[in-house]
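Okay, so here's the structure we're looking at.
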Amino acid sequence: MLAILLTMKTLHIYPTSRAIRNVREAQRQENGLLPTLMRIDDFERRAILLPQLAMVDTLQRTLLLQEASHFESFERLKINRELVRFFTKSDAIFKFFEELSQEEVDFYDLVQGDAYVEFGEHIEILEELLENYETLLQSKGLTDRVFIPKSYRLNRGFVENYERFELYLEGYMSYFELHLIAQIAQKKPFIVHFPTSKFNKKMQERFLEMGIELPNDAFVSFDLHTKTILSSVKNELVIHAKVFSVEERLAQIPLLLESVQKMVNGGIEPDEIVVILPDEKFKESVRLYDKLNNFNFAMGFDYNKTKSYKRFEAIYHHWQTFSEESIFLLKKYDIEQEKLSQITPSQKVNVEDFFSLLKPFDLDTTRSVVEEALQQFKAIFFTEIMPMKTWLFLWLKRLSQLSLDDVRGGKVTVMGALETRGVSFQGVVVVDFNDGIVPAIPAKDSFLNSSLRKFAKLPTKNDREALQKQLYKRILEQAEMSTIIYSRSNNKVPASYLYELGLGLGEHVMPNLELLYNEPSGLVEERDPIIENFDATAITWSATRLKIFLLCKRKYYYTYQEKLKPKKDDEINEGAFLHKLLEHLFKEQSFYESAEVMKQNIDRLLDQLLETYSPKIAYSKLLWKAKLAKFIEQQITHFKAGWRVVEREKHIVGEIGGIHFKGVVDRIDQDATHTLILDYKSGSITDANRTKNLEKLTDFQMSIYWELLKETYQNIELDFIEIFNGTMSEITELEAKTQQLYEIIGELKSMKEVVAQRCNEVSRCLYCDYTLLCERGDYL
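One gets our numbering by counting positions in the sequence shown from 1 and adding 87 to each.
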């Protein structure tokens, strides 16, 4: 009975929720009362009492720190106070403050450890920043976890509720955490279960400072209350891991899949297998190829990868730049620019109005995690008034912290290295076992170098890496089967840690890539489509339509028969834009006598017609201004000869050989006796104005213009104008080309059906809109 009561009154503390879940699963197989289990962060939160102050929110703390930084000497740190930049830097500042607080290191200690005067000044500035921040928090009835170690009291009611505590320790504990459990150990038995190795010497040294010397390479249980070792079992576990290398990073995935399958074939249940991702971003690639939903991603999926998040990110990006790229993103995510233009980014509103204004763009509150975050956000910032753009930046920051649970039901667990604390699996697969990833290189410290860290007894880079190594060592040595994979892509090298584990470089293999790409083509192979009941006289032709018909019947079929629209290209079409520019230029004046006036008008129209500013557009404007210089010069000469512009972009229709044609003439000029039909060309005129091999001609634009206008005007001449050099070239072999046009019209009229074959010249497919449909070009 006493044993049962002791079990009930013992608090078991584990590093992760998954560790607790595994213990619960094991206990369900046993009879008896279940003990109390608690995660270590919950334990620390309940074991302390704080002054009557609310804990500051993670976003709110950055805004308050920014406010606290408004003092003169802060400028010397050269930290930008602009919100976006300050948010980035504030992470490093808070990390610095928290580490000093958790490790109970004073600012004075740091100054004593560094001889540079400038460092001392910087530390004084940071100390003043922290003092200002604390004052600001207190004025609002708030506190920060930075101040917990100096302001907490032990929660005696919580401690007295248990007869004994048992901590299953993996990883690292700060001096604050150690002093907290030492306080409890003064009153109650406090058992620590700790596997020692050469990789956690830092923790062994700290327990030695507390009066307990631990044996190395052992599973140790000791009581902090009596400072005695209760049990010590030599760790004789050996890692039996197969090591493989592949060339490309993605090539690890088929090997991963094969390794899992072998483990299942070897008798290991899928839910006893774990895939460890040292770089958790790799989960997106693994998920992509998890076609049968075999994996359960314990870390969940990032909300910032969802379309809803991307929509708001696109809006924020647009408010930042108003660039062509941002407009493209708005279109991509179906954001109505007209609706968005009704919101002024600089408009100052409260949090309720902010969400009301964004509601038409889908707040995605059907997801419970988003709705909960939204309500918390409103509660925290209900008194604040800020510009819409600032609100959106903060809301995106909050959304980026959310993750979505994997509810697909996979049996094989995928997790990051930290999540493996306190758990074991029979089958283990680790990928990305490369230097720089295993162990992960800690982010560069913005304020403290390694020697100063050592002086202040703060964890160094080597200490942090060693703790990560311990995690891999423990999970691998407890597995029955394990596989380690690394890649050699981008000059990567295997983790040197492989040798510390007693493993070599392993075997270089060529994985079975069919596991990734052995998918049937989504394209249905079709025979050449046939346009039946073809009647050329029932169609209104243009020079462009005729050219496509002559060049490629399949393209004609997709464009005019199926009416397939190519993907909209937001890039500026140079030819079309210059046509528009010149139309406006000669709409204002029918001729120019001064090159300077003509140039000024072109420069003004360029700015008017391309209002949106971006570096790319600015460059294009400068380029066109320079390249149009010769055009201006030649046109002034042309006008001095008596020519005047009488028509621009003139629409014409008519019949040629019994077939209807239409067209748009770029420009018509006249002098006292003649009419000049002009066609602007921003590219080469070699093909359109060819004199040889006329049977290969496909551009009959000038012949069509001649036939449709010869009854309207007298003394017609037809010229091409090359826009970028101003050269005017008379059409050659017009009569022969027109004769050939009539022959083609005769063939069109005789056709009853058209077999839509692909063109023979594959080079034409390079820039075609239908390359994929035809399985041409890069898709061969």
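From the three backbone atoms N, C-alpha and C, an ideal C-beta is built for every residue, glycine too.
In terms of Cβ geometry, residue 370 and residue 350 do not form a close pair [threshold 8 Å].
With a threshold of 16 other beta carbon atoms within 10 Å, residue 650 falls short and is exposed.
DSSP, read as helix, strand or coil, puts residue 483 in helix.
Only residues of its own chain outside the window of five on either side were considered, and among them 136 have a CB closer than 6 Å to the CB of residue 240, listed in chain order. The way I'd put it, the segment 352–359 doesn't touch the segment 569–587; fewer than three beta-carbon pairs between them come closer than 8 Å.
Under the DSSP assignment, residue 738 falls in the beta strand (DSSP E) whose first and last residues are 731–743. DSSP lists no beta-bridge partner residue for residue 295. For the 8 Å CB-CB criterion, residue 498 and residue 383 form a contact. Classified as exposed, residue 298 has fewer than 16 neighbouring CB atoms from the shown chains inside 10 Å of its CB. Taking C-alpha positions only, residue 284 is separated from residue 226 by approximately 47 Å. Beta-bridge pairing by DSSP links residue 388 to 491. Its Cα nearest to that of residue 855, the residue 635 stands out among 799, 635 and 684.
Three or more beta-carbon pairs separated by less than 8 Å link the segment 318–330 to the segment 589–599, which places the two stretches in contact. Leaving aside the five residues that flank residue 558 on each side, the residues in its chain whose CB is nearer than 8 Å to its CB run, in chain order, 257, 258, 504, 505, 507 and 508. Under a 10 Å Cβ-count criterion, residue 653 is classified as exposed, with fewer than 16 other Cβ atoms of the shown protein chains found around its own Cβ. In the displayed model, residue 633 falls within a helix according to three-state DSSP.
For residue 528, the secondary structure class from DSSP, reduced to helix, strand or coil, is coil. Shown here, residue 723 sits in a helix according to DSSP, grouped into three states.
Per DSSP, residue 154 lies in no beta strand (DSSP E); the unbroken alpha helix (DSSP H) holding it starts and ends at 145–155. In the structure shown, residue 445 falls within a helical segment according to DSSP collapsed to helix, strand and coil.
Closest in C-alpha terms to residue 98, from the list 461, 271 and 232, comes 271. Of the candidates 704, 661, 665 and 716, 716 places its Cα closest to the Cα of residue 684. Relative to the Cα of residue 542, the nearest Cα in the group 200, 461 and 409 belongs to 200. The residue among 145, 781 and 247 with its C-alpha nearest the C-alpha of residue 96 is 247. Distance check between residue 477 and each of 431, 372 and 787 places 431 closest, using alpha-carbon atoms only. Inter-residue distance for residue 236 and residue 433 is about 41 Å (C-alpha atoms, whole angstroms).
Three or more Cβ pairs closer than 8 Å define a contact, and the segment 466–475 falls short of that threshold against the segment 121–135.
Between residue 598 and residue 341 the beta-carbon gap is near 4 Å, inside 8 Å, which marks them as a contact. At a cut-off of 3 residues, the continuous stretches assigned as beta strand (DSSP E) that sit fully inside the segment 221–288 are 251–255 and 277–282. Residue 502 and residue 363 do touch by the CB rule: their CB atoms are close to 6 Å apart, below 8 Å. Per DSSP, reduced to three states, the secondary structure at residue 327 is coil, with no helix or strand assignment.
Per the C-alpha coordinates, the member of 640, 632, 775 and 763 positioned closest to residue 799 is 763.
For residue 171, the uninterrupted alpha helix (DSSP H) run begins and ends at 170–189, by DSSP. Counting along the chain, no alpha helix (DSSP H) covers residue 316; the unbroken beta strand (DSSP E) around it starts and ends at 315–321. Straight-line measurement puts the Cα of residue 149 at about 7 Å from the Cα of residue 174. The shortest C-alpha to C-alpha distance from residue 250 to any of 708, 233, 261 and 278 is the one to 278.
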